[in-house]
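Chemist:
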Amino acid sequence: GVCSRLISQFESAIQYFNEALTGYRSINDKKGESRVLNSLANVHMDLGNSDTAIEYFDDCIYILQSMGDFSFEATVLSNKALAFQRDGNLIASLENNLQSLGIFKCLNRQIPHTLLNNIGILYLEIGNYNIALKYFNEALIIEKEKENLLDESSTMANIGRTYIYMTNYASAITYLNEALTKIRKYGSRQSEAQAYSNLGKAYGSLKCFPEAVTYFNTSLKLYEKLGDNSSVSHTYSELAKLYMQLNDFEASRKYFDTGISIAVQNKDEVNEVRNYTGLAELYIRFNDLVSAEQYILKAIKLAEYRKSYKELSQLYKLLSEGYLAKGNTAESIKNLQLHYNYLKKLIEIEEENSLRVFTAGQKFSEMDSGIFSSDTIKYKGQASNINSLNNEISGTVN
């Protein structure tokens, strides 16, 4: 099963793991059963079957808790967190990662820097930037102690990305440049492209347009070589926005059109919406309100299908501004109300998520403060690798 997974023969791996599972259950070997359940979950993650993977992880955790094998439970919780993360459920992912972290601390085990980095990425994605920095810096300390230059470069790039969201562009550029030096030597081309793209974003935010264009073009060439069409479309959108700020209508429109073409070919609805929205903003800027409305309505249709309240809120606000510019106050007010309706839904979701994050953080604080101590936890077996975690750059700034 393990060998089949390593050569990407996933269906064969599932077959072999299921045979092993039957064997372990026939002799009531709970430890073997738990390991195979974890392996089956990981294969289903490889196949993109997050829901099935989570079911296997839950079965595995149930057995581990009955055995008192908290050491391996910490590993499985981290793997389960990754499944939730890939499924887009960031809050559930964070909850499982924090549970894993709590167990590592209670057992006085070395905390994997990958776990700290992944927690940082999750806090970054949900907008808790200061907490994200805390975890990234903790991961960075471990990586520097171990002289793990590859993972160190990834974490530094994540710190740089966080500083962009915090509008601390000088710090972002410092970290990204330092990360880039290491990434060029030890990292992947994908990580290098992301670092260039984030540098483009930072310089663009500082109105340093020549530098921004250079970095985005460099990242674009790398993404094209890698065949990463989603990032190619996104980068064209970023270049288009830069030229829009420079009031270069033709260049901006050309880049948005190219981004749309690539997104449509690849059924990439996220970047379709991103480029349609940008193109609408461009037409509003140059007073072509009829064309702007066309593209906004296209974007709204896609955003409604995906139930993206954030995009819908932004799009209806943009449509309201377009109608106001045309002197149609009634339609402007109508669309502004739709903007506020979606904004209200977003706030409700964010409040619910904040409560879940706070609750998860409180549970972790109780474990960390000694309310749950290692004296109360008895476990069997040795520590295992977290075999589904990767210390990676979390992406580019949207």
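Add 141 to the 1-based position in the sequence shown for the working numbering, that's all there is to it.
Glycine included, each C-beta is placed from N, C-alpha and C at the ideal position.
All figures in this text were calculated on a predicted structure; none of them were measured in a lab.
What does the alpha-carbon distance come out to for the pair residue 343 and residue 314?
Modeler: Rounded to whole angstroms, residue 343 to residue 314 spans 7 Å at the Cα level.
Chemist: Is there contact between the region 281-292 and the region 262-272, where contact requires at least three CB pairs shorter than 8 Å?
Modeler: The region 281-292 vs the region 262-272: no contact.
Chemist: Whose C-beta lies closer than 6 Å to the C-beta of residue 518 among residues of the same chain, with five residues either side of it excluded?
Modeler: Because residue 518 sits at a pLDDT of 34, beneath the cut-off of 50, its placement in the model cannot be relied upon, and the following sentence gives the value as read from the coordinates. The residues are 211, 247.
Chemist: Sort 454, 182, 347 by Cα distance to residue 478 and report the nearest one.
Modeler: The shortest Cα separation from residue 478 among 454, 182, 347 belongs to 454.
Chemist: When you compare only the Cα positions, how much space is there between residue 419 and residue 376?
Modeler: 12 Å
Chemist: Of all Cβ atoms in chain D, is any one closer than 8 Å to the Cβ of residue 330?
Modeler: Although the question refers to chain D, the structure presented lacks it and comprises just one protein chain.
Chemist: Tell me the DSSP secondary structure of residue 189 in three-state form.
Modeler: Coil, per DSSP.
Chemist: DSSP three-state label for residue 406, please.
Modeler: helix
Chemist: Do you know whose CA, among 365, 440, 351, 311, lies nearest residue 330's CA?
Modeler: Residue 365 is the option with its Cα nearest to residue 330.
Chemist: Check the C-beta distance from residue 407 over to residue 372 and give it rounded, since I have them as a contact under 8 Å.
Modeler: No, residue 407 and residue 372 are not in contact; Cβ-Cβ is about 11 Å, not under 8 Å.
Chemist: Exposed or buried, which one is residue 201 when buried takes at least 16 other CB atoms within 10 Å?
Modeler: buried
Chemist: Quick one, which of 178, 155, 156 has its alpha-carbon nearest residue 166's?
Modeler: 178
Chemist: Check whether the region 318-332 and the region 345-359 are in contact - that is, three or more C-beta pairs closer than 8 Å.
Modeler: no
Chemist: Between the beta-carbon of residue 474 and the beta-carbon of residue 456, is there less than 8 Å?
Modeler: no
Chemist: To the nearest angstrom, report how far apart residue 436 and residue 226 are at their CA atoms.
Modeler: 31 Å
Chemist: Do residue 414 and residue 443 have their C-beta atoms closer together than 8 Å?
Modeler: Taking 8 Å as the cut-off, the Cβ atoms of residue 414 and residue 443 count as close.
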